[in-house]
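Below is the structure:
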């Protein structure tokens, strides 16, 4: 079982800002950089200290594996009966709309 973001939707929409939230005196902005085959995933942390806003940027590269990419890789490595769902509750997968991809496969034989 593999559970990952639906990168087909992420790449199609190219929505840069993922989420903005606040926890106490800290704000967080999650966003992508779309530069080439590897996505930059960023978390901008904005702590308010003594009335002043500071900032810290945390970044990590993400390889946007699609459900189709992973299904093909699983098949190449001897796994079959590959099924893709849109949630952990096994709801249908929609490449344009699902937030996640849940891929289930079994070793053949």
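In my numbering, the protein residues as written are 1043 to 1151. Glycine residues also receive a C-beta, built at the ideal position from the N, C-alpha and C atoms.
Cβ contact annotation for residue 1138 (same chain, cutoff 8 Å, sequence separation greater than five): 1050, 1051 and 1054, in chain order.
The beta-bridge partner set that DSSP reports for residue 1144 consists of 1045 and 1127. A direct Cα-Cα distance of roughly 32 Å separates residue 1102 from residue 1149.
For the options 1131, 1107 and 1126, the alpha carbon positioned closest to that of residue 1079 is the one of 1107.
Counting along the chain, residue 1075 sits inside the beta strand (DSSP E) bounded by residues 1068-1077. Under the DSSP definition of a beta bridge, residue 1087 partners with 1070 and 1098. Excluding the 5 residues flanking it on each side, residue 1088 has same chain C-beta neighbours closer than 6 Å at 1069, 1095 and 1097, in chain order. Counting only residues of its own chain and dropping the five nearest sequence neighbours on each side, residue 1081 has a CB closer than 6 Å to the CB of 1074, 1104 and 1106. For residue 1056, there is no enclosing alpha helix (DSSP H), as DSSP gives it neither H nor E.
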